[in-house]
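Enquirer:
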Amino acid sequence: GTLTQNRMTVAHMWFDKMIVEADTTEDQSGVAHEKGSSTWMALAQIGALCNHAEFKPNQDNISILRRDCIGDASEIAILKFIESSVGNVMDKRAKNKLVAEIPFNSTNKYQVSVHELANDKRYLLVMKGAPERILDRCSTILINGNEYPLDLEIKQSYNHAYEELGGLGERVLGFCHYYLPVDQYPKGFLFKTEEEQNFPLEGLRFLGLLSMIDPPRAAVPDAVSKCRSAGIKVIMVTGDHPIAAKAIAKGVGIISEGNECVEDIAQRLNINVEDVKKGDAKACVIHGSKLKDISQNDLDEILRTHTEIVFARTSPQQKLIIVEGCQRVGSIVAVTGDGVNDSPALKKADIGVAMGIAGSDVSKQAADMILLDDNFASIVTGVEEGRLIFDNLKKSIVYTLTSNIPEITPFLMYILFGIPLPLGTVTILCIDLGTDLIPAISLAYEKAESDIMKRKPRDPSHDKLVNERLISVAYGMIGMAQACGGFFTYFVIMAENGFMPSDLFGIRTRWDDMNVNTLPDSYGNEWTYHQRKELELTCQTAFFTTIVVVQWGTLIASKTRKLSLFSQGMGNWFLNFGLFFETALAIFLQYTPGINMGLRLRPMNFSWWFTGLPYTFLIIISDEIRRYILRRYPKGWVEQETYY
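Each residue of the sequence shown is one higher than the one before, starting from 15 at the first, in my numbering.
Dropping the structure here:
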C-alpha cells in the first residue's frame, strides 16, 4: 500500500492445473473460465466465507466493482470478484454460519474459519494465506472434481504457476478446505482457537491459487529515482513472496533496469548460485526464512555491498533486525510501519513513519511522523521540503550575520585608532530591527535549487546548521566587503568636508571635546563642536545607508548556496519586495522630519547613496565566482573551506 495504490483486483487463478484469467468486467462479458468446475465452486466458497470484507449499505444500484467496502484491500478484491462471478456472497455467509476462526497474523500467514453448513451435517474448515504455507498443510488436491495426493508432478505444476503469477508482480494467495468428520465434530462442538486447537490444521485438501494485482502508485518510480540521486537507499521490506516482491521492486525502480540478483546471474550463465562471484550482483532479494539464519556480520556485509535490496516474506519482528543492521553500518534510518508489531522498529529507527490511513493507533504513537496518505512519494516530498527548509535557514542566517561586521568594526576603529565614531548605536538598531527584518524572512520563501535532490545526505555530526564555513563566508568574505563599503563612504564624506583620512586618526579626543570650537581640518578651516557633531551624524547616516545598499548584494548572493544566480532567477517576489522595503525604510528614516532627528540621522546628498554600489557588485560577482568554482571543482579547496 505504501508503494502501490492499495486497490487490488483479482487478475488470475490457478485450479485444475491451469492458469486462467479472471473476468473482472462488470457484466462478466470478458475472458470466460470454467465456472461449472467443482474446484472453482469450492474455491469461490472459500473466497466468500474466509473473508471479513463487506459492502457498505445502500449500494444496490451501484455496480459491484464501484461499490465502497469495509475491510482489507486483498479481501475487498476477492469479495468483489466472487460477488461478480458467483453472486450473493453475504447470503452465503448468512446460510453458512461462522462458528470458529483463527485470524490472519504475520507469523502464521494464514487465516482459518470453521462454518456450519446449511446443506451438510459436517462442519467445513476453510483456509487461505501464503501459498507455500497452505500447501505445506495439505496432503491432497482437488482436480476436476477428483481428489489426488500431492505428488511431485502436481507440486511442480504448482511451483510453475506460482512463479509465473508472482513474476507478473501479482500477490498470490493459496486456498484449501477440509470437511470435518461428523462423528468427531458433531453439531454444537465447541471449537478451541487459542494455543491448542482441537481441530486439524494438517492433512487438508488444496484447491488452487488466486492472484491479485495492485498497480504501483504513479509517483513512486520518480520518487525512488529522486531518492537514488539524493544518496538515499530505498530498501523494500514486504510480506509478499520473493518472486512477486522482486517484480514489484523492478516495476517501481527499487531494483533498477540492468541490475541483477545472484539468481539472475546464475540463470543467465547457467551456473549454480554458489558459483557466482561476490560483488557481481548489485541487487539482492532475501527471503525472511533465510534472514533468520544470517549472522549480524553477514547482514551488515549485505547492507554495505548491495545498492538495491528487497526483503520478502518478512515478519514485523524482522523489520527491527533490518533497522538495527542499517544503523550498525552507519546509516540514518527512516522506516514505515502500520501494525502493532511494527512499533519496535518504528521506535528504533531514527525516523519512524506510521501510516495515517492503514496504521494502528499503537504504531502512530510509536512513530515520529504520520503519513496521512500512506504514499511513499509523500515521504520523498517531505525529504525535499526538509532540505529546502534547511537550505533557506542557512541562507537567512548568512544574510543576518554579515551585517555584524560593518556594525562592530566602526567601534573597533573608534577605540583603537581614535577616529570620530563612524556608526551610532541607534543606527545599528535601525538596521537590526528595521531594514534587515523583511529581507531575512523573505529568504524562507526562496524556491528549491535544482540540485537539491542530487546532493548526498549531510553528515549530522559535522554539517550543522551553523558551521565554521558559514561563519567564514558571512564574516570573513561578505561581512568584510560590507565594512569596506561603509568605511569608504565614511572617508569620502569626511574628505569632501575637509578632513582627509590621514588626519582623522588620533583626532577622537579633541573631536569629542565640547570645549574645542576651533578644530582645524586638513585645509586649515576651523570647526566648532556643534558643526563637527552634525558632520559626524551625517557620516553615520551615510554608513547606515551604505550597509543597506551592500545588503542588496548580500540578499541577492544569498539566494543560492551552490547554483548560479542565473539558474535560480529572481522569482521570489517576497525577496524582491524585501529589497524595495529596506530601501524605502532607509529613505523614510533619514528624510522624514522629526523622525530623523529622533533617531540621530541626517538627510544626506543623493550622490552618497552610490558610493557603496561598487561593493554591492563586488559581493554579487565574487560570490558568483565562488559558486562557479564549487561546481567546477567539486571536493576542492574552495568547497572544503567555503561551502556552508
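All C-beta atoms, glycine included, are put in the ideal place defined by N, C-alpha and C. Treat the numbers as computed from the prediction; the structure is a model and nothing was measured.
Which stretch, first to last residue, makes up the alpha helix (DSSP H) that contains Leu-603?
Expert: 587 to 605
Enquirer: Which first and last residues belong to the alpha helix (DSSP H) in which Pro-420 is found?
Expert: Per DSSP, Pro-420 belongs to the alpha helix (DSSP H) from 418 to 430.
Enquirer: Output the distance between the C-alpha atoms of Val-126 and Leu-139, rounded to the nearest integer angstrom.
Expert: 7 angstroms
Enquirer: Does the structure place the stretch 242 to 256 close enough to the stretch 170 to 186 that three or more beta carbon pairs sit under 8 angstroms?
Expert: Yes, they touch.
Enquirer: Measure the CB-CB distance between Gly-626 and Gln-554 and report whether it falls below 7 angstroms.
Expert: no
Enquirer: Take Thr-574 and list the residues in its own chain whose beta-carbon comes closer than 7 angstroms to its own, dropping the five residues that flank it on each side.
Expert: Glu-463, Gln-582, Arg-641
Enquirer: Counting along the chain, where does the beta strand (DSSP E) carrying Gly-188 start and finish?
Expert: 185 to 194
Enquirer: In this structure, does DSSP put Gly-159 in helix, strand or coil?
Expert: Gly-159 falls in the coil class under three-state DSSP.
Enquirer: Using a Cβ-Cβ cut-off of 6 angstroms (strictly less than) and excluding sequence neighbours within five positions of Ala-495, which residues of its own chain qualify?
Expert: Hits under 6 angstroms: Tyr-629, Leu-632, Ile-633.
Enquirer: For Met-250, count neighbouring Cβ atoms within 10 angstroms of its own Cβ and tell me buried if that reaches 16, exposed if not.
Expert: buried
Enquirer: By Cβ distance below 6 angstroms, which residues in the same chain neighbour Ile-471 in space, the five residues on each side in sequence not counted?
Expert: The amino acid occupying residue 471 in the given sequence is Pro; Ile does not appear at that position. For Pro-471, where only same-chain residues beyond five positions count, the Cβ hits under 6 angstroms are Gly-245.
Enquirer: Apart from the five residues just before and just after Val-652, which ones in its own chain have a Cβ nearer than 8 angstroms to its Cβ?
Expert: Answer for Val-652: Arg-640, Ile-643, Leu-644, listed in chain order.
Enquirer: Who are the near neighbours of Val-354 in its chain, counting only those whose CB is closer than 6 angstroms to its CB and skipping five residues on each side?
Expert: Ser-374, Val-376
Enquirer: Is Ala-326 closer than 7 angstroms to Thr-414 when the C-beta atoms are compared?
Expert: no
Enquirer: By DSSP, does Cys-241 sit in helix, in strand, or in coil?
Expert: helix
Enquirer: How about Ile-507 and Ala-556: do their beta carbons lie closer than 7 angstroms?
Expert: yes
Enquirer: How close, in whole Å, do the beta carbons of Tyr-428 and Arg-522 come, if the pair is a contact with beta carbons under 8 angstroms?
Expert: 7 angstroms
Enquirer: Could you have a look at Ile-227 and say whether DSSP puts it in helix, strand or coil?
Expert: strand
Enquirer: In terms of residue numbering, what span does the beta strand (DSSP E) encompassing Ser-171 cover?
Expert: For Ser-171, no beta strand (DSSP E) run applies; the uninterrupted alpha helix (DSSP H) run containing it begins and ends at 166 to 181, by DSSP.
Enquirer: Span of the beta strand (DSSP E) holding Val-140?
Expert: 137 to 143
Enquirer: Looking at the structure shown, is Arg-641 part of a helix, part of a strand, or coil, going by DSSP?
Expert: helix
Enquirer: Would you mind working out which of Met-141, His-129, Gly-500, Val-113 sits nearest Lys-123, comparing C-alpha positions?
Expert: Met-141
Enquirer: Which two residues bound the contiguous beta strand (DSSP E) that contains Ser-270?
Expert: Where Ser-270 is concerned, there is no enclosing beta strand (DSSP E), given that its DSSP letter is neither H nor E.
Enquirer: Output yes or no for whether 7 angstroms exceeds the beta carbon distance between Trp-525 and Pro-607.
Expert: no
Enquirer: If you run the structure through DSSP and keep just helix, strand and coil, what is Leu-385?
Expert: strand
Enquirer: Reducing DSSP to helix, strand and coil, say where Ala-87 ends up.
Expert: helix
Enquirer: Could you compute how far the alpha carbon of Asn-610 sits from the alpha carbon of Phe-620?
Expert: 16 angstroms
Enquirer: Would the stretch 446 to 462 count as touching the stretch 584 to 601 if we require 3 or more Cβ pairs under 8 angstroms?
Expert: At 8 angstroms Cβ cutoff, the stretches touch.
Enquirer: Please report the residue range of the beta strand (DSSP E) in which Phe-29 lies.
Expert: 23 to 29
Enquirer: Please classify Ala-598 as buried or exposed, where buried requires at least 16 neighbouring CB atoms within 10 angstroms.
Expert: exposed
Enquirer: By DSSP, does Lys-109 sit in helix, in strand, or in coil?
Expert: helix
Enquirer: Enumerate, from N- to C-terminal direction, the unbroken beta strand (DSSP E) stretches of 3 or more residues contained entirely within the stretch 507 to 557.
Expert: none
Enquirer: By the DSSP assignment, the beta strand (DSSP E) with Val-299 in it spans what residues?
Expert: 297 to 301
Enquirer: For Asn-20, count neighbouring Cβ atoms within 10 angstroms of its own Cβ and tell me buried if that reaches 16, exposed if not.
Expert: Of the residues assessed, Asn-20 falls on the buried side of the cut-off, its CB having 16 or more other CB atoms within 10 angstroms.
Enquirer: Does the stretch 153 to 171 come close enough to the stretch 194 to 205 that 3 or more CB-CB pairs lie under 8 angstroms?
Expert: no
Enquirer: For Thr-18 and Ala-87, what's the separation of their Cα atoms in angstroms?
Expert: 11 angstroms
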